[in-house]
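Input: a single structure, listed below in structure tokens.
Protein chains: 2
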Amino acid sequence: MLNRVRSAVAHLVSSGGTPGSGSNELPTPTPTSPDPIAHAVAPRSPPAWAESGTKASGGAVENRGSSSRPTFLKLSPRGLRRAEDHAGRVVQSPPDTGRSLPWRTGYAEVINAGKSRHNEDQACCEVVYVESRQARMGGPGKSIKDQGHQGLHFHYWGLFDGHAGVGAAEMASRLLHRHIREQLRGLVEILQDPSPPPLCLPSTTEASVSLEPSCPGGSQPCWPLQKEVTHESLVVGAIENAFQFMDERMAREQRNQYAIGGCCALVAVYLLGKMYVANAGDSRAIIVRNGDIIPMSREFTPETERQRLQLLGFLKPELLGNEFTHLEFPRRVQPKELGQRMLYRDQSMTGWAYKKIELQDLRFPLVCGEGKKARVMATIGVTRGLGDHNLKVSSSTLPVKPFLSCFPEVQVYDLTQYEHCPDDVLILGTDGLWDVSSDKDVAATVDKVLSSYEPNDPSRYTALAQALVLGARGISREQGWRLPNNKMGSGDDISVFVIPLGGPGSYT
Amino acid sequence: MLNRVRSAVAHLVSSGGTPGSGSNELPTPTPTSPDPIAHAVAPRSPPAWAESGTKASGGAVENRGSSSRPTFLKLSPRGLRRAEDHAGRVVQSPPDTGRSLPWRTGYAEVINAGKSRHNEDQACCEVVYVESRQARMGGPGKSIKDQGHQGLHFHYWGLFDGHAGVGAAEMASRLLHRHIREQLRGLVEILQDPSPPPLCLPSTTEASVSLEPSCPGGSQPCWPLQKEVTHESLVVGAIENAFQFMDERMAREQRNQYAIGGCCALVAVYLLGKMYVANAGDSRAIIVRNGDIIPMSREFTPETERQRLQLLGFLKPELLGNEFTHLEFPRRVQPKELGQRMLYRDQSMTGWAYKKIELQDLRFPLVCGEGKKARVMATIGVTRGLGDHNLKVSSSTLPVKPFLSCFPEVQVYDLTQYEHCPDDVLILGTDGLWDVSSDKDVAATVDKVLSSYEPNDPSRYTALAQALVLGARGISREQGWRLPNNKMGSGDDISVFVIPLGGPGSYT
Numbered sequence: 001m002l003n004r005v006r007s008a009v010a011h012l013v014s015s016g017g018t019p020g021s022g023s024n025e026l027p028t029p030t031p032t033s034p035d036p037i038a039h040a041v042a043p044r045s046p047p048a049w050a051e052s053g054t055k056a057s058g059g060a061v062e063n064r065g066s067s068s069r070p071t072f073l074k075l076s077p078r079g080l081r082r083a084e085d086h087a088g089r090v091v092q093s094p095p096d097t098g099r100s101l102p103w104r105t106g107y108a109e110v111i112n113a114g115k116s117r118h119n120e121d122q123a124c125c126e127v128v129y130v131e132s133r134q135a136r137m138g139g140p141g142k143s144i145k146d147q148g149h150q151g152l153h154f155h156y157w158g159l160f161d162g163h164a165g166v167g168a169a170e171m172a173s174r175l176l177h178r179h180i181r182e183q184l185r186g187l188v189e190i191l192q193d194p195s196p197p198p199l200c201l202p203s204t205t206e207a208s209v210s211l212e213p214s215c216p217g218g219s220q221p222c223w224p225l226q227k228e229v230t231h232e233s234l235v236v237g238a239i240e241n242a243f244q245f246m247d248e249r250m251a252r253e254q255r256n257q258y259a260i261g262g263c264c265a266l267v268a269v270y271l272l273g274k275m276y277v278a279n280a281g282d283s284r285a286i287i288v289r290n291g292d293i294i295p296m297s298r299e300f301t302p303e304t305e306r307q308r309l310q311l312l313g314f315l316k317p318e319l320l321g322n323e324f325t326h327l328e329f330p331r332r333v334q335p336k337e338l339g340q341r342m343l344y345r346d347q348s349m350t351g352w353a354y355k356k357i358e359l360q361d362l363r364f365p366l367v368c369g370e371g372k373k374a375r376v377m378a379t380i381g382v383t384r385g386l387g388d389h390n391l392k393v394s395s396s397t398l399p400v401k402p403f404l405s406c407f408p409e410v411q412v413y414d415l416t417q418y419e420h421c422p423d424d425v426l427i428l429g430t431d432g433l434w435d436v437s438s439d440k441d442v443a444a445t446v447d448k449v450l451s452s453y454e455p456n457d458p459s460r461y462t463a464l465a466q467a468l469v470l471g472a473r474g475i476s477r478e479q480g481w482r483l484p485n486n487k488m489g490s491g492d493d494i495s496v497f498v499i500p501l502g503g504p505g506s507y508t
Numbered sequence: 001m002l003n004r005v006r007s008a009v010a011h012l013v014s015s016g017g018t019p020g021s022g023s024n025e026l027p028t029p030t031p032t033s034p035d036p037i038a039h040a041v042a043p044r045s046p047p048a049w050a051e052s053g054t055k056a057s058g059g060a061v062e063n064r065g066s067s068s069r070p071t072f073l074k075l076s077p078r079g080l081r082r083a084e085d086h087a088g089r090v091v092q093s094p095p096d097t098g099r100s101l102p103w104r105t106g107y108a109e110v111i112n113a114g115k116s117r118h119n120e121d122q123a124c125c126e127v128v129y130v131e132s133r134q135a136r137m138g139g140p141g142k143s144i145k146d147q148g149h150q151g152l153h154f155h156y157w158g159l160f161d162g163h164a165g166v167g168a169a170e171m172a173s174r175l176l177h178r179h180i181r182e183q184l185r186g187l188v189e190i191l192q193d194p195s196p197p198p199l200c201l202p203s204t205t206e207a208s209v210s211l212e213p214s215c216p217g218g219s220q221p222c223w224p225l226q227k228e229v230t231h232e233s234l235v236v237g238a239i240e241n242a243f244q245f246m247d248e249r250m251a252r253e254q255r256n257q258y259a260i261g262g263c264c265a266l267v268a269v270y271l272l273g274k275m276y277v278a279n280a281g282d283s284r285a286i287i288v289r290n291g292d293i294i295p296m297s298r299e300f301t302p303e304t305e306r307q308r309l310q311l312l313g314f315l316k317p318e319l320l321g322n323e324f325t326h327l328e329f330p331r332r333v334q335p336k337e338l339g340q341r342m343l344y345r346d347q348s349m350t351g352w353a354y355k356k357i358e359l360q361d362l363r364f365p366l367v368c369g370e371g372k373k374a375r376v377m378a379t380i381g382v383t384r385g386l387g388d389h390n391l392k393v394s395s396s397t398l399p400v401k402p403f404l405s406c407f408p409e410v411q412v413y414d415l416t417q418y419e420h421c422p423d424d425v426l427i428l429g430t431d432g433l434w435d436v437s438s439d440k441d442v443a444a445t446v447d448k449v450l451s452s453y454e455p456n457d458p459s460r461y462t463a464l465a466q467a468l469v470l471g472a473r474g475i476s477r478e479q480g481w482r483l484p485n486n487k488m489g490s491g492d493d494i495s496v497f498v499i500p501l502g503g504p505g506s507y508t
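Protein chains in written order, with my numbering: chain V, 1 to 508; chain W, 1 to 508.
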């Protein structure tokens, strides 16, 4: 069954490093955009951050000046043209030359059907070394012993779904893991020390037991013991702060016009037995384990973050200008409805009630619309991510950025708590995948594809990523075939990582 | 087995209306508080809200001037003394005279072991009639047809766990259901009309399709269709707003010194086939259905609401005075640690990171402590509820109220979606129950007690409520017996409603 699918879709799939290999070759792509490869083959001169590379075992970062696609795709100029063809929409994957990505990770992507000139998704896959500072930290009473600890490696996968330009997603794909490395640098010894992290560096034994006498709660301190902080929460904090530093860096670079637009960021960090999945935006991660679905992220949209947005507008009305109201209405209020009673909800409500319409209710609601059409300030459909520092409300100078958060939600999965089989995978996908594929659709494809490959076949995870992208890619009339589920496909950029969680040879 | 428990605990249980009935009689209570019944038998002159009663089938509201306990307990002066005895801690229930509460609801309560003079819990159980306005609402184009709709009944159960005084809990127990009735009054026809609720009252057909042309998002309105609002979300909105009106009323009465302190509020409203459970505070509701546990509320504490509190402190630093910092530290920062690096987290973080200690970090953290010792502003351990309008930080004029929310979280359970058996129950309990009993403990007691009673035994749900309170009440050395789970008991006030969700004769 799968072979039939395989041969039917072979001409829609390309492995970057094998441009002349048989059926993967596309006949003659017909670019629909004015000059789809101009940016890819003749880029602007690269900014400073694109030049000095991390030592990358995934090969995703160094010297990618000639391409706007991830370097691990190893695209030739011809492959690049094919990757930017909005009509053919050939699915791109790394070359079939053994294990090109760590953990035998599978990856596939496809460009949008014309909604933007370039593929605004970006991806990164890395093994990153965090050097130990070898510095003796801590005071005389309680110190971190420098027992010759080595540095740490972490594995890293990142998907960046750009909007309003390709700059932010490109920058994040090249730099975010370096910011994570920077945040982890001071923790190398602490994370390898089995004792609980020190609360203070340097700290003394006295300091950790004696308390400040002037407790506002009265003579009895409400807080007699110190809170225990886990190693895991230090890694979470490091990732959270790395996102913030990345965002601040974009604000600086935005002034130099290198980073344009914004991006959602979904990253997975594997460190010391645990997988940390951090999400800021509307990309999505799930684990499929023995057929069960474990959600590893939540989406952040005007609908899911309505109350946070409304609360900010309520507490800081100056951020709304005179253009917006923090109240939500089920549709735009008409001037002629002044004095009538309309349904509304505010920052504290989940239900609806009627209120008498007053003059300020005629302003546009801060949050409006539903589903994919939901918007903050009638402008943007995601409420977390990186960049967007210059984003303004259309025909206005009102900035949108104060309502956007760069902080991810981090979920942690302990890989040591379960014996994984080769068919257990972590799937990271941009919204192009999830707009048309449910978790169950994806789990069914995982089962169908992986069961048709030997557990040690090095191409099984790439084949799965390709099948997921093809499944979501949409129907092409020219190609004359329809998707099995008969659904409409996504015309958006689609990018997918498939990360195997177990099985021999995975953790390389 | 249960009979053994029954006879062992019989002298600890009292049914209010049967003061002379055999083993329920307590030998001779020994009050430990200075004058435990003074307030109950000689109350201050009642405020206006205590006088005009709702027509109460549960008998909980009218004329309760002579008692500070729920009138459905029908306590005699002697029973009142017993109910306020901190040493004996006799469990109180409504009298054994048939179905004294709607739905055969079971109820039991016990006073604290001495932590406050009075039992600061309050309870209410009502059937409330909402009169139809019989008014023709709506404009010429789309109107609500007045088809002679009758009014609506809703069933209502409320638990109010007071703090810093009994006033707020008493006031809420007498008035909150009336505020809910007021909020529902304008919805009587709408809720009984199967068509979707009108967005605007009165509204015209034109108004619901034509849109304001000046959309800040550009020429394409981002919001072409109106959002559909459900009947259910109108009820949720009515309950949310009733909490807010109740809180505002307390602010007014606080000036007259009638409402003192604050209270958590946990209420259940049954209306048109659905049970709405609204919680503001650290009380808790679960459904036990066929042995499964369905949580029906979440607790709101400085720990669960840390990020909301910190965000408010960050956006409105004037609310912190110069006394508090919105940052959290794992323990109080010492002046001598200035310049060192300590673990912290801010309003956006769930993980921890190190920061260099600066002068303002020496302020007391807005949120501190863990578990039952967690506090906002070193003052209060719950972050939602009613009242507390005069609550100040100890030895300061800084108000705590801005950080407290009066809005409940409302969860909805559709009773028509499942055929309930007589052993399926909704349990509402104040934190005195849950501090020492897990959901599983409670479910086990549900199974043990209900299986020992016939399904039609009118006393089975009261017996269950008593068993739950007894189980949480704690160990009394004088009585010489220990609880089966060998746990320490709760010295707090404990109140429990047991609401049967099915079975013959329940819905009366």
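The C-beta atom is built at its ideal place from N, Cα and C for all residues, glycine as well.
No experiment lies behind these values; they were computed from the predicted model shown.
Under 8 Å between C-beta atoms of residue i and residue j
i: Val449 (chain V); j: Leu426 (chain V); result: no
i: Phe160 (chain V); j: Gln122 (chain V); result: yes
i: Glu318 (chain W); j: Val393 (chain W); result: no
i: Gly489 (chain V); j: Pro422 (chain V); result: no
i: Ser14 (chain W); j: Val90 (chain W); result: yes
i: Gln310 (chain V); j: Gln254 (chain V); result: no
i: Glu120 (chain W); j: Ala83 (chain W); result: no
i: Gly285 (chain V); j: Leu176 (chain V); result: Going by the sequence as given, residue 285 (chain V) is Ala instead of Gly. No; because the gap between Cβ atoms is not below 8 Å, this pair is not in contact.
i: Glu299 (chain V); j: Cys200 (chain W); result: no
As assigned by DSSP and simplified to three states, the class of residue i
i: Asp510 (chain W); result: In the structure displayed, chain W extends from 1 to 508; residue 510 (chain W) sits before or after that span and is not available.
i: Ser495 (chain W); result: strand
i: Glu182 (chain V); result: helix
i: Ala463 (chain W); result: helix
i: Ser173 (chain V); result: helix
i: Trp157 (chain W); result: strand
i: Leu26 (chain V); result: Residue confidence for Leu26 (chain V) is low, a pLDDT of 29 falling below 50, so the modelled location carries little weight; the figure read from the coordinates is stated next. Coil, per DSSP.
Own chain partners of residue i with C-beta closer than 7 Å, once the 5 adjacent residues on each side are dropped
i: Val498 (chain V); result: Thr105, Gly106, Val425, Ile427, Tyr461, Leu464, Ala465
i: Leu272 (chain W); result: Leu191
i: Met246 (chain V); result: Ala172, Leu175, Leu176, His179, Leu386
Cutoff 6 Å; reference residue i; Cβ partners in own chain excluding five residues on either side
i: Pro408 (chain W); result: Phe243, Ala278, Asn279, Ala280
i: Ile260 (chain W); result: Gly165, Gly167
i: Ala467 (chain W); result: Thr445, Val449
i: Gln257 (chain W); result: none
i: Arg306 (chain W); result: Val367
Own chain residues within Cβ distance below 8 Å of residue i, not counting five before or after
i: Arg375 (chain W); result: Pro302, Val367, Cys368, Gly369, Gly381
### Task
Run through the segment 306-335 of chain W for me and flag every whole alpha helix (DSSP H) of 4 or more residues, listed as ranges in chain order.
306-315
### Task
Determine, using beta-carbon pairs with one atom in the segment 352-363 of chain W and one in the segment 329-344 of chain W, whether at least three such pairs fall under 8 Å.
Short answer: they touch.
### Query
Quick one: any contact between the segment 237-256 of chain V and the segment 414-422 of chain V, if contact means 3 or more CB pairs under 8 Å?
Under the Cβ criterion (8 Å, minimum of three pairs), the segment 237-256 of chain V does not count as touching the segment 414-422 of chain V.
### Complete runs of the alpha helix (DSSP H) confined to the segment 241-287 of chain V [at least 4 residues]
none
### Query
Considering only residues of the segment 400-447 of chain W, which uninterrupted beta strand (DSSP E) runs meet the minimum length of 3 residues and lie entirely inside it, listed in chain order?
Taken in chain order, the complete beta strand (DSSP E) segments of 3 or more residues contained in the segment 400-447 of chain W are 409-414, 425-429.
### Task
Tell me the start and end of each unbroken beta strand (DSSP E) in the segment 87-133 of chain W that is at least 3 residues and wholly inside, in chain order.
91-93, 106-110, 121-130
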